[in-house]
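First up is the structure itself, then whatever we jot down about it.
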Amino acid sequence: MVECWKQDERHLILPIFYFVDPRDVRNQQGPYQQAFEQHSHKHSSEVVNEWKEALQIAGEMKGWHVIESHGQGAIIGEVLSNVESHLRSMYTLVTDELVGIDTHVGEVMKLLNLGLSNEKVIDDRQVKSVSEGINMIKQRVCKHKVLVVVDDIDDNFEFDKILGKPDDFSGDSRFIFTTRNKRALEFLPECKFYEPGELSYHLSLQLFSKHAFGMDSPPEEDARISDDFVKVATGLPLALKVIGSLLFRRERKFWKEKLIELQNIPSTTENKLHERLKISCNELTHNEMQIFLDIASHFTGSPKDLPYYMWSGCDFYPESSITTLINRSLIKVDKRNQFWMHDHIKDLGRAIIKMEDVEHPYNCSRIWSTDDALNMLRNGEVEFLLSFFGLYLYMLKV
Numbered sequence: 002m003v004e005c006w007k008q009d010e011r012h013l014i015l016p017i018f019y020f021v022d023p024r025d026v027r028n029q030q031g032p033y034q035q036a037f038e039q040h041s042h043k044h045s046s047e048v049v050n051e052w053k054e055a056l057q058i059a060g061e062m063k064g065w066h067v068i069e070s071h072g073q074g075a076i077i078g079e080v081l082s083n084v085e086s087h088l089r090s091m092y093t094l095v096t097d098e099l100v101g102i103d104t105h106v107g108e109v110m111k112l113l114n115l116g117l118s119n120e121k122v123i124d125d126r127q128v129k130s131v132s133e134g135i136n137m138i139k140q141r142v143c144k145h146k147v148l149v150v151v152d153d154i155d156d157n158f159e160f161d162k163i164l165g166k167p168d169d170f171s172g173d174s175r176f177i178f179t180t181r182n183k184r185a186l187e188f189l190p191e192c193k194f195y196e197p198g199e200l201s202y203h204l205s206l207q208l209f210s211k212h213a214f215g216m217d218s219p220p221e222e223d224a225r226i227s228d229d230f231v232k233v234a235t236g237l238p239l240a241l242k243v244i245g246s247l248l249f250r251r252e253r254k255f256w257k258e259k260l261i262e263l264q265n266i267p268s269t270t271e272n273k274l275h276e277r278l279k280i281s282c283n284e285l286t287h288n289e290m291q292i293f294l295d296i297a298s299h300f301t302g303s304p305k306d307l308p309y310y311m312w313s314g315c316d317f318y319p320e321s322s323i324t325t326l327i328n329r330s331l332i333k334v335d336k337r338n339q340f341w342m343h344d345h346i347k348d349l350g351r352a353i354i355k356m357e358d359v360e361h362p363y364n365c366s367r368i369w370s371t372d373d374a375l376n377m378l379r380n381g382e383v384e385f386l387l388s389f390f391g392l393y394l395y396m397l398k399v
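Numbering (this note's numbering), first residue to last: 2 to 399.
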């Protein structure tokens, strides 16, 4: 455990000193001293010293000291709360600007009709195959009320193969599926739908102001033009966020130009959201745009360091370019140092690439589908493998 922590200090150790004194653990005294005297006769000094060092490190860590039988329930609650807090901060990427989230949470809770007990089970398992995963789920959850959340499912999602049969779960269990395509949920005839819808004017103005001014409402002198931007964003949270970030600390002449550009988007435009988001992409430099398109096509969810040297070698100046993309709310770097991009922004980036040559996609600068790339090579539609795609495969050792 300590060895894993040494290799990567992002790993977390939460010690519970159960009827032992942390000082005894830290200094290997008391009962630990006696135990090590016995171990020294059975194991080499090198092994024993490694154990002592591990105990010293663990003994210096902040944890819980349990010295009485009563009151352990409260300590268990503290441990669970602490673990949940760390899991949320380490493995989820949640924006600080959750404007209007309380209303949505309330509506979803009504649909769930949970009534959950105070029982909490946290289980993080590694599985080697689909069948092993299904069997593990059956064994672990068949007698428990569970809440299963599956994010961003599509038409290819197969409930039985991933989670097992619904009958395998307790009747009080609940499932939450998020999707951008309602048809993906046709396999669940009894499911209830919730669509967040557009933000109200008040919440739209608040979200826009957070990104355009760094506050919950616009300054008095900017109230009117802010009102105009909120109207053209039509309550779309992502558009409000990206547009506001683009305008942050820019001169008012720039604001007026962007407002006119947004107002001139035809009402018949098929994808109004993309057109609204595109005004931010149009302001990117060549280097920033290349990195943006690379992330949209290949590097969403990839470690930041993976393409960094490639961009440096291409003189794209990734440090400043990535900072600009983050400030424009086009990308994020999560706590695991991985790139994150909203699905709609990723779709926009890929749409921009496809527009390079609509009739002949193999002439586009980037190919993100391995099937498309292999088909193009097999059919002789390209005489060479795109340098970017080849380099990406090399870096992933595919």
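Idealized CB from N, CA, C, for every residue including glycine.
Just verifying my parser: in three-state terms, what is the DSSP assignment at residue i?
{"i": "Val147", "result": "coil"}
{"i": "Phe176", "result": "strand"}
{"i": "His44", "result": "coil"}
{"i": "His12", "result": "coil"}
{"i": "Tyr202", "result": "helix"}
{"i": "Tyr195", "result": "coil"}
{"i": "Phe18", "result": "strand"}
{"i": "Asn119", "result": "Only weak support exists for where Asn119 lies, its pLDDT of 46 falling under 50; the value from the coordinates is given anyway. Three-state result, Asn119: coil."}
{"i": "Val67", "result": "strand"}
{"i": "Val95", "result": "For Val95, the predicted model reports a pLDDT of 46, less than 50, meaning its position is unreliable; a value from the coordinates is still stated below. Coil."}
{"i": "Ile154", "result": "strand"}
{"i": "Lys166", "result": "coil"}
{"i": "Val100", "result": "coil"}
{"i": "Glu262", "result": "helix"}
{"i": "Ala230", "result": "What sits at residue 230 in the sequence shown is Phe, not Ala. It is helical."}
{"i": "Ser268", "result": "coil"}
{"i": "Pro219", "result": "coil"}
{"i": "Leu248", "result": "helix"}
{"i": "Ser82", "result": "helix"}
{"i": "Ser171", "result": "coil"}
{"i": "Glu38", "result": "helix"}
{"i": "Asn376", "result": "helix"}
{"i": "Glu276", "result": "helix"}
{"i": "Glu187", "result": "coil"}
{"i": "Leu285", "result": "coil"}
From the options, pick the residue whose C-alpha is nearest to that of residue i; which is it?
{"i": "Ser367", "options": "Ile102, Ile354, Lys111, Ile58", "result": "Sequence check: residue 367 is Arg here, not Ser. The option with the nearest alpha carbon to Arg367 is Ile354."}
{"i": "Arg181", "options": "Gly198, Asp173, Asp168, His71", "result": "Gly198"}
{"i": "Lys211", "options": "Val100, Leu260, Ser268, Arg251", "result": "Val100"}
{"i": "Ser205", "options": "Ala234, Asn338, Asp168", "result": "Ala234"}
{"i": "Thr179", "options": "Ile296, His42, Val109", "result": "Val109"}
{"i": "Lys279", "options": "Phe160, Lys347, Ile226", "result": "Lys347"}
{"i": "Met186", "options": "Ile154, Phe170, Ser201", "result": "The sequence shown places Leu at residue 186, rather than the Met named in the question. Comparing Cα-Cα distances from Leu186 to each of Ile154, Phe170, Ser201, the minimum goes to Ile154."}
{"i": "Gln339", "options": "His345, Ser321, Ile327, Gly350", "result": "Ile327"}
{"i": "Leu200", "options": "Glu320, Glu289, Ile102, Ser41", "result": "Ile102"}
{"i": "Arg329", "options": "Asn283, Pro362, Phe158, Asp173", "result": "Asn283"}
{"i": "Met62", "options": "Asp373, His12, Val49, Phe37", "result": "His12"}
{"i": "Ser246", "options": "Ile14, Met216, Gln73", "result": "Met216"}
{"i": "Leu148", "options": "Ser174, Gly350, Leu164, His299", "result": "Ser174"}
{"i": "Tyr33", "options": "Glu289, Arg251, Glu54, Asp152", "result": "Glu54"}
Please confirm whether residue i and residue j have their CB atoms less than 8 Å apart.
{"i": "Val84", "j": "Trp65", "result": "no"}
{"i": "Gln57", "j": "Arg24", "result": "no"}
{"i": "Ile292", "j": "Phe317", "result": "yes"}
{"i": "Phe249", "j": "Ala224", "result": "no"}
{"i": "Val231", "j": "Phe209", "result": "yes"}
{"i": "Val67", "j": "Ile17", "result": "yes"}
{"i": "Leu239", "j": "His343", "result": "yes"}
{"i": "Lys273", "j": "Ile266", "result": "yes"}
{"i": "Ser298", "j": "Arg379", "result": "no"}
Which whole runs of the alpha helix (DSSP H) in the segment 298-372 are 4 residues long or more, in chain order? Counting whole runs of 4 or more residues, the segment 298-372 contains the alpha helix (DSSP H) stretches 306-314, 319-328, 344-355.
If we count Cβ pairs, one from each stretch, closer than 8 Å, do we get three or more for the segment 297-310 versus the segment 254-271? The segment 297-310 makes no contact with the segment 254-271, as fewer than three CB pairs between them are under 8 Å.
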